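To start, the structure under review is shown below, and the notes come after it.
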Amino acid sequence: MEKKFFQTSIKDSLFTGLIALALFGPIVGLRTVAKNEVLEVHPKWFIVLIIVVVCAVGRFLTNLYVYNRDQKTGIQSSIGKSISNFLDTKGYQIALTAIIFSVIFPFLPFTDRYLMDIAIMMLTYIMLGWGLNIVIGLAGLLDLGYVAFYAVGAYSYALFAIHFGWSFWICLPIAGIFAAMFGVLLGFPVLRLRGDYLAIVTLAFGEMIRILLLNWYQLTKGPDGLTGIPRPSFFGLPFKSFPDEGEQTFHTFFGIEYNPMQRIIFLYYLILVLALITNLFTIKIRRLPIGRAWEALREDEIACKSLGVNPRNTKLTAFAIGAMFGGFAGSFFATRQAFISPESFTFIESAIIVAIVVLGGMGSQTGVVLATVFLIGLIEVFRDFESYRMIAFGGAMVLIMIFRPRGILATRKPTITLEKSSSK
Amino acid sequence: MLSISNVETFYGNIQALRGVNVKVNSGEIVSLIGSNGAGKSTLLMTISGVNKAATGEIKFDEKNIESLPPHDIVNLGISQVPEGRRIFSRLSVEDNLRLGASSNDKGKNFDNDVKDVYDLFPVLKDRLSQRGGTLSGGEQQMLAIGRALMAKPKMLLLDEPSLGIAPKLVNQIFVAIKNINKEKKVTIFLVEQNAKKALELADRGYVLVNGNVTLEGTGQDLLKNKDIQAAYLEGGGKK
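Quick note, the sequences are listed as chains A and B, same order. Residue numbering for the first sequence follows my numbering, beginning at 32 and increasing consecutively. Residue numbering for the second sequence follows my numbering, beginning at 884 and increasing consecutively.
The following block contains the structure:
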């Protein structure tokens, strides 16, 4: 029994090695070099050999420890289980710790400009993940074009701020409303679509918005992008090192030294608050009839209809509200970067946000945070190894799929739980 | 109360109902029996507006409802317990019940309304925080009926409530249906393959064959009918 299993594993891993050879042989092994106007092929068989061995041995090990369900000592049943258990039972404590940590984070001794920038970027993705979680996790509508709303929010903020000179706090809700309107615009034609078909149309919608931004030169300056987007001010007090005559700035008002970190810290808290509002909103709305209707719609549309839930309005509100938070995040993005172009809103952004939601465990708020920290953090850690970043990204996804196939925090508690044995 | 005249419904090119005429009076229990594919569920779906009738008229309390969307029909007082129960398996039992109250008062009197459901099916009260999918088949059927009652309907459409449920629980559910009719004064339109049980319970019954109503009469008359005995009741009827 044991021996037979061993044999099949070896066979399987040899086969894997063969596939790896077929794949990587031509791709990695053969390198063309232009020499004296002649194209020469330089083979690199040693690297191919390493890759093939890694694949075969890796396959053998996963066969032995991950897929072998009889063997109680497998990774899946020891480390995997304990991680799973920890995440499942301590979800609330993890969330609380994370919030406290993020509040004091800017004042920790090791925090520098670089870490702050990463933290701000992560929080932006967390907010986008939470916003998309309303659409995917709660309402069950697979939206692959979420970046469109991010773009609409960013561009409407930028255009209003540049042309009308309105402040961040006026433009923010306007950007949200615009994004929500685009959400409804997307929602109407896709009301009858489900699953894969919905995904395809939303994907196309995302691309349409990007191409529109690229080509509507008079409004969006096309590929040149919009520059000079005003920075947010601290309730009317700008962050400037040299204030104009008679102008109050943040540091003169509080009577402190000017430091460029002040603006960064302000931006950090701004996105933290915006993200937490998104989270709080989602938690609250799940207990309201509309939130419950979203979740019911995800479960069974026909049952919803027969219970008197209006599927049209329910879907449209999910799209609109999800889009609105995307728009908020977009205007934050615009004001932080001070420059936006269609480059920032490509499909890969949508894919990353969807990956965050799905890998985090659809519908799980804490899962979104963990997945963001994991994925974005990984991309940042590998920043120095340029070309290996995407490999690390893909590898992280594969690992999550092997160990937590339904997302990092897959088990979702019922929305409402009662105290144990309150009644006899 | 409900009158269906000459209703025809199609799935693409396939005609499922060929001019159906059915009447349900206020306070009655009416059963519709028929074999697989006769169009029973289609008729219920057409009444509740999930499927649309191509031709014909459906009147509820003298109001035409054949072109209304499903949520408006629920608001008028027709609730449906769909075939196969279709409870929301990943939501809690309480959420399922609250969703039943999504129409009319949006669940403002939830605590009050839900007591009636607990009276009918006490087991649901113990299961309140459990996920719907963890209930047994019979409990799920109770939940589905309870959920439909949360909309406070004047009329309840039941689609095969005995489907895939232990025989002991089937009896319990039929007793509950009778109670809903007698005590809560809810008119019942019941679709069943279990012809014997359905006709015993019913004041009146209809037989549907290939999208046509071929027979109608009181429950007792239909039970004694030779053709029905041969087609649906022979050997103790279909399970």
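C-beta: ideal position from N, C-alpha, C; glycine also. Since we're looking at a predicted model, the values are computed, not measured.
Cross-chain neighbours of Asn-246(A) in chain B, by beta carbon under 9 Å
One-based indexing of the first sequence puts residue 246(A) at position 215. Correct list: empty, because the minimum Cβ distance to chain B is about 39 Å.
Among all the DSSP beta bridges, which residues are the ones paired with Leu-471(A)?
Examination of residue 471(A) is not possible in this model, given that chain A is present from 32 through 455 alone.
List, in chain order, every chain A residue whose beta-carbon is nearer than 8 Å to that of Ala-921(B).
Counted from its first residue, the second sequence places residue 921(B) at position 38. Within chain A, no residue comes near Ala-921(B); the closest Cβ sits about 20 Å away, beyond 8 Å.
Does the segment 928-939 of chain B touch the segment 1103-1111 of chain B, meaning 3 or more C-beta pairs lie closer than 8 Å?
Contact between the segment 1103-1111 of chain B and the segment 928-939 of chain B is absent, because fewer than three Cβ pairs lie under 8 Å.
Residue range of the unbroken alpha helix (DSSP H) whose run includes Thr-93(A):
Residue 93(A) sits at position 62 when you count from the first residue of the first sequence. First-last of the alpha helix (DSSP H) with Thr-93(A): 76-96.
For the structure I just gave you, are there three or more beta carbon pairs, one from the segment 1049-1056 of chain B and one from the segment 969-988 of chain B, closer than 8 Å?
no
Measure from the alpha carbon of Ile-897(B) to the alpha carbon of each residue in Gly-1094(B), Ile-1111(B), Gly-1100(B), Ala-1114(B), then state which is nearest.
Translated into the one-based positions of the second sequence, residue 897(B) becomes position 14. The shortest C-alpha separation from Ile-897(B) is found at Gly-1094(B).
For Ser-187(A), the three-state DSSP class (helix, strand or coil):
Numbered from 1 along the first sequence, position 156 holds the residue referred to as residue 187(A). In the three-state DSSP reduction, Ser-187(A) falls in the helix class (H, G or I).
When the cut-off is 8 Å and only beta carbons count, does Lys-336(A) lie next to chain B?
The residue given as residue 336(A) occupies position 305 in the first sequence. It does: the Cβ of Lys-336(A) has a partner Cβ on chain B nearer than 8 Å.
Going by beta carbon distance, what residues of the same chain come within less than 6 Å of Pro-1044(B), once the five residues before and after it are set aside?
Against the second sequence, residue 1044(B) aligns to sequence position 161. Hits under 6 Å: Gln-1024, Ile-1056.
Anyone know if the C-beta pair for Met-884(B) and Asn-908(B) falls short of 8 Å?
Within the second sequence, the letter at position 1 stands for residue 884(B). Within the second sequence, the letter at position 25 stands for residue 908(B). It is a contact, given that the beta carbons lie within the stated cut-off.
So if DSSP puts Glu-1075(B) in a beta bridge, which residue, or which two residues, is it bridged to?
Locating residue 1075(B) in the second sequence gives position 192, where the first residue counts as 1. Bridge partners of Glu-1075(B) according to DSSP: Ile-916(B).
How about Phe-1057(B): is its C-beta nearer than 8 Å to some C-beta of chain A?
Numbered from its first residue, the second sequence carries residue 1057(B) at position 174. No - not a single Cβ of chain A is within 8 Å of the one on Phe-1057(B).
Could you compute how far the alpha carbon of Ile-149(A) sits from the alpha carbon of Gly-425(A)?
Taking the first residue of the first sequence as 1, we reach residue 149(A) at position 118. Taking the first residue of the first sequence as 1, we reach residue 425(A) at position 394. Ile-149(A) and Gly-425(A): Cα-Cα distance of roughly 20 Å.
Would you list the residues sitting across from Gln-963(B) in a DSSP beta bridge?
In the second sequence, counting from the first residue as 1, residue 963(B) sits at position 80. The partner list for Gln-963(B) (beta bridge, DSSP) reads Leu-1040(B).
Using the Cα positions of Gly-391(A) and Lys-1008(B), report the straight-line distance between them to the nearest angstrom.
Position 360 of the first sequence, counted from the first residue, corresponds to residue 391(A). Position 125 of the second sequence, counted from the first residue, corresponds to residue 1008(B). In a straight line, the C-alpha of Gly-391(A) is about 33 Å away from that of Lys-1008(B).
When you compare each of Cys-202(A), Ala-185(A), Leu-70(A), Gln-396(A) to Phe-312(A) by their alpha carbons, which one comes out closest?
Taking the first residue of the first sequence as position 1, residue 312(A) is located at position 281. Closest option to Phe-312(A), Cα to Cα, is Gln-396(A).
Same chain, Cβ closer than 7 Å to Phe-136(A), neighbours up to 5 away in sequence not counted
Residue 136(A) sits at position 105 when you count from the first residue of the first sequence. Excluding residues within five positions, the ones whose Cβ falls inside 7 Å are Thr-142, Ala-150.
4-residue-minimum alpha helix (DSSP H) runs that sit fully inside the segment 372-451 of chain A, ordered along the chain:
378-391, 396-412, 420-434
Does the segment 275-289 of chain A come into contact with the segment 318-334 of chain A, if we say contact requires no fewer than three beta-carbon pairs (one atom in each stretch) closer than 8 Å?
no
I'd like the span of the beta strand (DSSP E) that includes Gln-1112(B), first residue to last.
On the second sequence, position 229 is the one that residue 1112(B) refers to. Where Gln-1112(B) is concerned, there is no enclosing beta strand (DSSP E), given that its DSSP letter is neither H nor E.
For a contact defined as C-beta to C-beta under 8 Å, what are the partners of Val-388(A) on chain B?
Within the first sequence, numbered from 1, the residue matching residue 388(A) stands at position 357. Going along chain B, no residue has its Cβ under 8 Å from Val-388(A), so there is no contact; the nearest lies around 17 Å.
Buried/exposed call for Leu-406(A), threshold 16 Cβ in 10 Å:
Here residue 406(A) refers to the residue found at position 375 when the first sequence is read from its first residue. So Leu-406(A) counts as buried.
With 16 as the cutoff for other CB atoms within 10 Å, does Ala-65(A) come out buried or exposed?
Translated into the one-based positions of the first sequence, residue 65(A) becomes position 34. Exposed, by the Cβ-count rule.
Mind checking the segment 315-344 of chain A against chain B and listing, in chain order, the residues whose C-beta falls within less than 7 Å of any C-beta there?
Result list: Pro-320, Arg-323, Ala-324, Glu-326, Ala-327, Glu-330, Asp-331, Ile-333, Ala-334, Lys-336, Ser-337, Leu-338, Gly-339, Val-340, Asn-341.
Going along the chain, which residues of its own chain have a beta-carbon closer than 7 Å to the beta-carbon of Asn-910(B), five neighbours each way excluded?
As a position in the second sequence, residue 910(B) is number 27, starting the count at 1. Residue identity check: residue 910(B) is Gly in the sequence provided, not Asn. These residues qualify, in order along the chain: Lys-1068, Thr-1070.
Proximal chain A residues relative to Arg-1030(B), where beta-carbon distance stays under 8 Å
The sequence position of residue 1030(B) within the second sequence is 147, counting from 1. The answer, in chain order, is Leu-338.
Arg-317(A) to Trp-161(A), Cα distance in whole Å?
As a first step, residue 317(A) must be located in the first sequence, where it is residue number 286. As a first step, residue 161(A) must be located in the first sequence, where it is residue number 130. So the alpha carbons of these two residues sit roughly 13 Å apart.
Alpha carbon to alpha carbon, how far is Leu-159(A) from Gly-398(A)?
Locating residue 159(A) in the first sequence gives position 128, counting from the first residue. Locating residue 398(A) in the first sequence gives position 367, counting from the first residue. Their backbone Cα atoms lie some 13 Å apart in a straight line.
If you measure beta-carbon to beta-carbon, which residues of the segment 941-974 of chain B are closer than 9 Å to chain A?
Pro-952, Pro-953, His-954, Asp-955, Ile-956, Val-957, Asn-958, Ser-962, Gln-963, Val-964, Pro-965, Arg-968, Arg-969, Ile-970, Phe-971, Ser-972, Arg-973, Leu-974
In three-state terms, what does DSSP make of Gly-160(A)?
Reading the first sequence from its first residue, position 129 is the one you call residue 160(A). Helix, per DSSP.
Buried or exposed for Leu-449(A), please, with buried defined as at least 16 other CB atoms from any protein chain shown within 10 angstroms of its CB.
In the first sequence, the residue the question calls residue 449(A) occupies position 418. Confidence at Leu-449(A) is low in this model, with a pLDDT of 49, below 50, so its placement is unreliable and the value that follows should be read with caution. Counting Cβ neighbours within 10 Å, Leu-449(A) comes out exposed, since fewer than 16 surround it.
Exposure label - His-954(B); buried when at least 16 CB within 10 Å:
For the purposes of this step, residue 954(B) is taken as residue 71 along the second sequence, with counting starting at 1. Buried, because 16 or more other Cβ atoms sit within 10 Å of the Cβ of His-954(B).
Pull up the distance between the alpha-carbon of Leu-250(A) and that of Gly-267(A), whole angstroms please.
Start at 1 with the first residue of the first sequence, and residue 250(A) comes out as number 219. Start at 1 with the first residue of the first sequence, and residue 267(A) comes out as number 236. Roughly 28 Å separates the two Cα atoms.
Exposure label - Arg-981(B); buried when at least 16 CB within 10 Å:
Residue 981(B) sits at position 98 when you count from the first residue of the second sequence. Looking at its Cβ environment, which holds 16 or more other Cβ atoms inside 10 Å, Arg-981(B) is buried.
Return the CA-CA distance between Thr-104(A) and Ile-167(A), expressed in angstroms with no decimal places.
Within the first sequence, residue 104(A) is the residue found at index 73, counting from 1. Within the first sequence, residue 167(A) is the residue found at index 136, counting from 1. Residue placement at Thr-104(A) is poorly supported in this model, since its pLDDT is 46, which falls under 50; the coordinates still yield a value, given next. The C-alpha of Ile-167(A) is placed about 36 Å away from the C-alpha of Thr-104(A).
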